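These notes concern the structure reproduced below.
Protein chains: 2
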Amino acid sequence: MAYRIALVDDDRNILTSVSMVLESEGFQVTTYRDGVDALRGLTAEPPDLAVLDIKMPRMDGIELLQRLREKSGMPVIFLTSKDDEVDELLGLRMGADDYIKKPFSQRLLIERVRSIFRRIEAQKASAASPGTASATSLARGELVLDPAQHLCLWKNAPVNLTVTEFLIIQALAQRPGHVKSRDQLIDAAYGEHIYVDDRTIDSHIKRLRKKFREVDKDFSHIETLYGVGYKYNETNAAA
Amino acid sequence: MAYRIALVDDDRNILTSVSMVLESEGFQVTTYRDGVDALRGLTAEPPDLAVLDIKMPRMDGIELLQRLREKSGMPVIFLTSKDDEVDELLGLRMGADDYIKKPFSQRLLIERVRSIFRRIEAQKASAASPGTASATSLARGELVLDPAQHLCLWKNAPVNLTVTEFLIIQALAQRPGHVKSRDQLIDAAYGEHIYVDDRTIDSHIKRLRKKFREVDKDFSHIETLYGVGYKYNETNAAA
DNA sequence: CCGCATTATGGCAAAAATACCGCAAAGGTA
DNA sequence: TACCTTTGCGGTATTTTTGCCATAATGCGG
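Protein sequences appear in the order of chains A and B.
Sequential numbering from 1 applies to the first sequence in the working numbering.
Sequential numbering from 240 applies to the second sequence in the working numbering.
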């Protein structure tokens, strides 16, 4: 279930480059080249997040946001070129969730976008009634993972995981019995444009094992494959 | 299996310092001092990644990339000195994978480089195992080998192999009944540019036979061809 | 059966990979 | 602001793997 992001900018180059980046991260991107078009599109089919340039012909980003806010509370990130535009944003504080100064790195952009969606997930989690399995949830034998609720159950007992831990166990449980290299797990947990050390994965695996053991002393479903990576087994490791 | 990186910059200091950093991370680095040389070198022997300075005499990085793109899709990272160069990149974005502003920290550079290679590995992995049965998995009679799961079964019993052992049995099982010389097995297990002693293969064969015998006392499918090498037989050796 | 060449195998120390402690930085919250 | 949680990573202990040696065993040609 890919998030949908609307991108509004009058610079076609930025439009294509940014949307490429976002799409490479698995988001579904719709682009608009000016505020008027965008207002129509965004109203007709609201995305999960809007990324707006401030300076645009016909209708600038700020006016666009004000119009949007009449109808919708969708998250918004602004793109700004100048510091005084930032000031303006801060002064007005009219409901933007974040802003990014041009020029910006892919990494920064993705960081901001992901943080927005993390926040949304968190809200969903607290809002959702427990017991309702959402569409994206995962039930692998005794393990239940529901990203929407940020819920992890082991043999029906809740396991309290942090965001990173959740992403890692999710990646592992996606394919029980299959090895994931540390690099693959880094991609799954952080996205492709962020580097963390291999050993950091070890730490998270350690914490995961510990938390599962707190619920089930004999938990040993996360297996180390020496020289390869880790894998999640549905059946407990015997030998 | 070291990744090969080409580094192109007219500043000799940067050339040496950066290549030292990369080499210390285990990468194999080739350097070029201008775009014309680089184009020739990169075309003749394409590396796994190119790191290009933008501002260079004779041919700048942007032109170099365009020329490269005519032939190759190798990943590219740009080095830039000025913000307006960044703008240009963001706008044009003609196939560069990332950019780094000078001056940059060693850590940042490594971060970017590793992220590129993670992506490559990820693609390899997903290409290798799209469904449940990975394309490269092998079922030869009673022997089952699945690299994606790092799984080895003999008569449905799991055999716990190390990476090297796995690579060797894989090479042997690829063509049952066909001899592989020790040199061929070394290539298969270590890559072509690493030297280990012939007798080392004997050791691995020893360990393989032992591990298989632990599961099946009468296992004798790995046959020695005196003076030639080893081969894997589907039917047990009748001798 | 003999002598030479090749292989099998147990053992071992070095190397490689991993587990995990503890801390400090980062981020969020009240 | 101060406080709490999360997180990444340095560093060390531990485990696993691995290459190779020395010796015994086996194969091969005569």
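Ideal placement from N, C-alpha and C gives every residue a C-beta, glycine not left out.
Note that the coordinates shown come from a computational prediction; the quantities given were computed from them, not determined experimentally.
**Study point:** Supposed contact pair residue 359 (chain B) and residue 337 (chain B) - C-beta distance, whole angstroms, cut 8 Å
**Key:** 13 Å between Cβ atoms; not a contact.
Exercise for review: Kindly list the residues whose CB is nearer than 8 Å to the CB of residue 266 (chain B), restricted to its own chain and excluding five residues on each side of it in sequence; keep chain order.
Suggested key: 241, 242, 243, 244, 352
**Study point:** Assigned exposure category for residue 217 (chain A) - 16 Cβ within 10 Å defines buried
**Key:** exposed
**Study point:** Unbroken stretches of the alpha helix (DSSP H), 4 residues or longer, contained in the region 375-462 of chain B
**Key:** 402-413, 421-429, 437-454
Point to revise | Interface flag, residue 150 (chain A) vs chain B, CB-CB below 9 Å | key: no
**Study point:** Reduced DSSP secondary structure (H/G/I, E/B, other) of residue 268 (chain B)
**Key:** strand
Point to revise | C-alpha distance - residue 412 (chain B) paired with residue 472 (chain B), whole-angstrom precision | key: 8 Å
Review point. For residue 55 (chain A), which option in A:46, A:49, A:72, A:33 has the closest C-alpha, if you only look at C-alpha atoms?
Key: A:33
Practice item. Return yes when the Cβ of residue 207 (chain A) is within less than 9 Å of the Cβ of residue 162 (chain A), no when it is not. Key: yes
Exercise for review: Would you mind stating whether residue 287 (chain B) and residue 313 (chain B) have Cβ atoms separated by less than 9 Å?
Suggested key: yes
Practice item. Pull up the distance between the alpha-carbon of residue 300 (chain B) and that of residue 355 (chain B), whole angstroms please. Key: 19 Å
**Study point:** residue 226 (chain A): contacting residues in chain B (beta-carbon distance under 8 Å)
**Key:** 401, 402
Practice item. Note down, in chain order, each residue of its chain lying with its Cβ closer than 7 Å to the Cβ of residue 406 (chain B), except the 5 sequence neighbours on either side. Key: 427, 428
Review point. What are the boundary residues of the alpha helix (DSSP H) that residue 274 (chain B) is part of?
Key: 274-283
Practice item. Helix, strand or coil for residue 349 (chain B), going by three-state DSSP, please let me know. Key: helix
**Study point:** Min CB distance residue 195 (chain A) to chain B below 9 Å
**Key:** yes
Check your understanding: What residue range is occupied by the uninterrupted alpha helix (DSSP H) comprising residue 255 (chain B)?
Key -> 251-263
Check your understanding: Can you tell which of A:35, A:44, A:57, A:45 has the C-alpha that lies nearest to the C-alpha of residue 303 (chain A)?
Key -> For residue 303 (chain A) there is no data in the structure shown, the boundaries of chain A being 1 and 239.
Check your understanding: Alpha carbon to alpha carbon, what distance is there between residue 399 (chain B) and residue 181 (chain A)?
Key -> 18 Å
Check your understanding: Going by beta carbon distance, what residues of the same chain come within less than 7 Å of residue 444 (chain B), once the five residues before and after it are set aside?
Key -> 461, 469
Exercise for review: Return the chain-ordered list of same chain residues with a C-beta closer than 6 Å to the C-beta of residue 219 (chain A), the five sequence neighbours on each side being excluded.
Suggested key: 212, 213
Point to revise | Beta-carbon proximity check, residue 307 (chain B) vs residue 290 (chain B), cutoff 9 Å | key: no
Point to revise | Residue interval of the alpha helix (DSSP H) (run including residue 231 (chain A)) | key: No alpha helix (DSSP H) contains residue 231 (chain A), which is instead part of the beta strand (DSSP E) from 229-232.
**Study point:** Beta-carbon neighbours of residue 357 (chain B), restricted to chain A and to distances below 7 Å
**Key:** 183, 186, 187, 192
Point to revise | Interface residues of chain A facing residue 353 (chain B) [CB-CB closer than 7 Å] | key: 195
Check your understanding: In its own chain, which residues sit with a C-beta less than 6 Å from the C-beta of residue 270 (chain B), not counting the 5 before and 5 after it?
Key -> 246, 254, 258
Exercise for review: Identify whether residue 308 (chain B) lies in helix, strand or coil by the three-state DSSP scheme.
Suggested key: helix
Practice item. Examine chain A for any beta-carbon lying closer than 9 Å to the beta-carbon of residue 264 (chain B), and answer yes or no. Key: no
Review point. How many Å lie between residue 57 (chain A) and residue 43 (chain A) at the Cα?
Key: 19 Å
Point to revise | Distance, residue 143 (chain A) Cα to residue 196 (chain A) Cα | key: 27 Å
Review point. So residue 186 (chain A) packs on residue 357 (chain B), CB below 8 Å; how close in whole Å?
Key: 6 Å
Check your understanding: For residue 72 (chain A), which residues from the same chain have a beta carbon less than 8 Å from its beta carbon, with the 5 sequence-adjacent residues on both sides left out?
Key -> 42, 43, 46
Point to revise | chain A contact residues for residue 486 (chain B), given Cβ-Cβ distances below 7 Å | key: It is not possible to answer for residue 486 (chain B), since the shown part of chain B is limited to 240 through 478.
Practice item. Report the residue from B:463, B:409, B:309, B:262 whose alpha carbon sits nearest the alpha carbon of residue 348 (chain B). Key: B:262
Exercise for review: Closer than 8 Å by C-beta to residue 155 (chain A): which residues in its own chain qualify, once you throw out the five before and the five after it? Chain order, please.
Suggested key: 142, 215, 216
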